[in-house]
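In this note's numbering, the protein residues as written are 184 to 468.
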């Protein structure tokens, strides 16, 4: 619990710094972004700038703690195979969503499809690398060293799920993005955590975090985690670009509002996979 709190406070400090500096940054006219996007990007920059000092302070600044204690060849193979498995896992979910008419094909998805696929591939790998290094690398190792495997799996998965909903929201109409507006935006960063309609997506992301933590535990490195994560992001982004949500479906409640793909059905699917993976690999590692 202590390690989880330390990482949470680190993320909170980065958000506070972003809230304090974002109004002045936008006032310069150097960038042209919506206030919530500017604040979010600034927070991400602070997270990247501060992560190495944080890791050194927590004695986590080594390859083993971050999940990179394998040869380059093994790591690249793990990422590649993990990506293929991630694509297969989430593609199976998307096919079920299409069969249930929860998502319906876009009538004309082909224009620019190659560029969209390239963006989804690069974006997925970048997101997978950054988030897995933080959550299944540093955070997982910090908790496991102090509190053991079970705590590391649960707490890393919980923080992973919560962070996805800790985002600055848009300002109300007419509110100026000054210090008061930034304070309002920061106060509402936590608003989505308590929205009932986000519960399904939050549970699904928790199951994802548990699955990835189990993979980290069994393999002793995060190459597979990065690949799986990148594959999932690729499928989600492509699904949003070539299909549309169908609120008229009788079972539309099986997906949440977070990205139109994950929800109760995804939580069940990933949860079953996590259980199966842990059971089947019990004697393999």
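Beta carbons are placed, not taken as given, at the ideal position from N, Cα and C, and that holds for glycine.
Cβ neighbours of residue 248 within its own chain (closer than 6 Å, five residues either side excluded): 324. When only Cα atoms are considered, residue 424 and residue 240 end up about 42 Å apart. For residue 219, same chain residues with a beta-carbon under 8 Å away, outside a window of 5 residues either side, are 350, 351, 352, 353, 354, 368 in chain order. Under the DSSP definition of a beta bridge, residue 288 partners with 426.
Taking 8 Å as the cut-off, the Cβ atoms of residue 310 and residue 416 count as close.
Collapsing the DSSP output to three states places residue 368 in a helix. For the 8 Å CB-CB criterion, residue 446 and residue 439 form a contact. Closest by C-alpha distance to residue 193, out of 319, 300, 230, is 230. Between the alpha carbons of residue 204 and residue 418 lies a gap of roughly 35 Å. Residue 388 is not a Cβ neighbour of residue 408, given a cutoff of 8 Å. Measuring C-alpha to C-alpha distances from residue 198 to each of 186, 216, 221 identifies 221 as the nearest.
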